[in-house]
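Step one of this worksheet: look at the structure below.
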Amino acid sequence: MTLKSRIAASLLLTGSVLASSSAFAGGNVNVSESVTLNAKPAAVWALIGDYNGLYRWHPAVAKSERSSSVRELTLGNGAQLTETLLAQDDAARSYSYRIDQSPLPVANYESTLSVEAEGKNGSVVTWSSSFNAAGSTDDDAENVIRSVYRAGLDNLAKLYN
């Protein structure tokens, strides 16, 4: 089984599509993962700062289609996620989004992806979120989200280190 298939399978853990309420911001589970890269922040942001370009660096994402602030991601196994861009600051190299629909065991999910300088020529990418577990325990939902983040960040490490 390929890495994309394993990640996609873990994303389908609940087997159903869940919707997040836009009226509730965040949740009681928090996840944050980071990676240090041997690349200047501007170069890293050129890749990950494209809200519609997740498929270029995350191994589970096969396709992304964007209409205004909404992107629809298609995973390698055909599962789909709908996400809405909440804020983007290219000067600060960060964007925040929420999940509207997905097979993930989360509700009220909001996340931020950012790039900061590390030393003279390096950068740190941080992916963090707040959400409530849905259809699973907090620990299980946290583990699923952490594995999604690690897969993307670990792939960035392969690209830049």
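As numbered in our numbering, residues 535 to 695 make up the sequence shown, in order. Every residue gets a Cβ at the ideal spot worked out from N, C-alpha and C, and that includes glycine.
Between the C-alpha atoms of residue i and residue j, what's the straight-line distance to the nearest angstrom?
| i | j | result |
| --- | --- | --- |
| Thr618 | Tyr683 | 18 Å |
| Arg680 | Val565 | 7 Å |
| Gly583 | Tyr629 | 7 Å |
| Tyr643 | Arg632 | 6 Å |
| Asp672 | Ala641 | 11 Å |
| Ser670 | Lys654 | 43 Å |
| Ala626 | Tyr589 | 22 Å |
| Ala559 | Glu652 | Residue confidence for Ala559 is low, a pLDDT of 47 falling below 50, so the modelled location carries little weight; the figure read from the coordinates is stated next. Each residue's alpha carbon lies about 30 Å from the other. |
What does a CB cutoff of less than 7 Å around residue i pick up in its chain, not counting 5 residues either side in sequence?
| i | result |
| --- | --- |
| Ala691 | Val569 and Leu571 |
Can you find the residues in the same chain that come closer than 6 Å, C-beta to C-beta, to residue i, ignoring five residues on each side of it along the sequence?
| i | result |
| --- | --- |
| Leu607 | Val595, Ser598 and Leu615 |
| Ser636 | Leu615 |
| Gly686 | His592 |
| Glu650 | Val658 |
Pull up the CB-CB distance for residue i and residue j, whole angstroms please, since I reckon it's below 8 Å.
| i | j | result |
| --- | --- | --- |
| Thr660 | Ser645 | Contact flag wrong, Cβ pair sits at about 11 Å. |
| Asp674 | Ala667 | 7 Å |
| Ala573 | Tyr694 | 4 Å |
Could you work out which residue in the options is closest to residue i when comparing CA atoms only?
| i | options | result |
| --- | --- | --- |
| Asn562 | Ser681, Ala675, Thr671 and Phe665 | Phe665 |
| Ala621 | Val604, Asp672 and Gln635 | Val604 |
| Glu567 | Thr671, Val658, Leu693 and Asp672 | Val658 |
| Asp623 | Ala573, Leu693, Gly686 and Trp579 | Trp579 |
| Ser663 | Ala626, Ala625 and Asn677 | Asn677 |
| Tyr585 | Ser601, Pro575 and Ala576 | Ser601 |
Which same chain residues end up closer than 8 Å to residue i when comparing Cβ atoms and leaving out the 5 residues on each side of it in sequence?
| i | result |
| --- | --- |
| Asn689 | Trp591, His592 and Pro593 |
| Gly587 | Leu581 and Ser598 |
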